[in-house]
Amino acid sequence: MEGVREGSVLRIDLQNRIHALDTLAVENALSIKLVHCGENHSLGLTMRTPGDDIDLIFGMLYSEGIIESNLDVHSLSIDSDEAKVILEDSCKFDAPEHRRRTTKSSACGVCGKESISNLLHTHGPKLRDNFSLDITSISQAAESLISSQRIFELTGGTHAAAFFSEDCELISLREDIGRHNALDKLIGSYIRQPIYSTPPLLFVSGRASFELVQKCIRFGIPIMASVGAASTLAVDMAIEHNLTLLSFVRDGRMVVHSTPHRISNY
């Protein structure tokens, strides 16, 4: 399976020493270069689990505000761990502004942004507000998320992000060693398409961090749920943008941090 590798390990407890094979999640660097109007630009390196690299790049470019749709990308090629993206001349990519707002960091999705106040005002479509999801169905979606993580099942070393329908049926899921990469892969799989419908529910396997909420709002998803905790900045941003943010969704329970009217039957 792509994204995993076996390695020799020594398993030790108080009674035994056992030589065995262990399955590890792969972590490799991906270099991304942009070409816009004949000029070359570097997006630096990102550490990721190989697989769905094209989705990852489209998701990153969209989340960073470099592109607005697949029509902004003229071509994308990947040679080993180096990617080259040629943007359409009509793409409104502003290289100096992008450099001013970000640093070339691969450690997280928002490292290097100039200020938190600017991040709180992330640009995105108006979130849908004419529906609600049943609390029981959301709990079942959490179980589906956990049971569908193939790489995590083998390695215990990856994060997952998944989209669900209004019936809380699993639509698509991506895994990666980086939580923001998993979501970028998921978003990118949609952005690549000429026509798509934004899902109502995003579920993430870990905590609800600021960067994940930012990407969720940027893509226009009205409900975000996490298996783990939510951070203060994640909650602040959810409130600012009318996002329904749920945390600790497990075993029929959840914490609702904002906009609870999208949750029904409680």
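Numbering (our numbering), first residue to last: 274 to 539. Beta carbons: idealized from backbone N, C-alpha and C, even for Gly. Every value quoted in this text rests on a predicted model; they were computed, and no experiment measured them.
Given a cut-off of 8 Å, decide if V529 and L516 are closer than it, judged by their beta-carbon atoms.
What you label residue 516 is simply residue 243 of the sequence shown in a count that begins at 1. What you label residue 529 is simply residue 256 of the sequence shown in a count that begins at 1. In this structure, V529 does not lie closer than 8 Å to L516 by Cβ.
Helix, strand or coil, according to DSSP, for L519 in the structure here?
Position 246 of the sequence shown holds residue 519. Of the three classes helix, strand and coil, the one that applies to L519 here is strand, per DSSP.
May I ask you to list the residues that DSSP assigns as paired with N301?
Here the question's residue 301 lines up with position 28 in the sequence shown. R321.
So for N289, helix, strand or coil by DSSP?
Residue mapping note: residue 289 aligns to position 16 of the sequence shown, counting from 1. Reduced to three states, the DSSP call for N289 is coil.
Report the option in V308, S304, V346 whose CA atom is closest to the CA atom of D326.
In the sequence shown, the residue the question calls residue 326 occupies position 53. For D326, the nearest C-alpha among the options comes from S304.
Once you ignore the five residues that flank S348 on each side, which residues in its own chain have a CB closer than 6 Å to its CB?
As a first step, residue 348 must be located in the sequence shown, where it is residue number 75. Excluding residues within five positions, the ones whose Cβ falls inside 6 Å are I359.
If you run the structure through DSSP and keep just helix, strand and coil, what is A502?
Looking up residue 502 in the sequence shown gives position 229. DSSP places A502 in coil when its eight states are reduced to three.
Taking the alpha helix (DSSP H) that S350 falls in, what are its first and last residues?
Taking the sequence shown and counting its residues from 1, one reaches residue 350 at position 77. It is not in any alpha helix (DSSP H) - S350 instead sits in the beta strand (DSSP E) that spans 346–352.
Which residue from S531, L283, R526, S281 puts its Cα closest to that of S412?
Within the sequence shown, numbered from 1, the residue matching residue 412 stands at position 139. Per the Cα distances, R526.
How would you label F437, buried or exposed, when you count the other beta carbons within 10 angstroms and need 16 or more for buried?
Counting from 1 along the sequence shown, the entry for residue 437 is found at position 164. That one is buried.
Is K377 helix, strand or coil by DSSP?
The residue labelled residue 377 in the question sits at position 104 within the sequence shown. Bear in mind that the predicted position of K377 carries a pLDDT of just 38, short of 50, making it unreliable; the figure below should be weighed with that in mind. Three-state DSSP puts K377 in coil, outside helix and strand.
Ignoring anything shorter than 4 residues or poking outside the stretch 417–456, list the alpha helix (DSSP H) runs there in chain order.
Whole alpha helix (DSSP H) segments, 4+ residues: 423–428.
Report the option in L418, S336, L307 whose CA atom is closest to the CA atom of S350.
Within the sequence shown, numbered from 1, the residue matching residue 350 stands at position 77. Checking every option, the nearest Cα to that of S350 belongs to L307.
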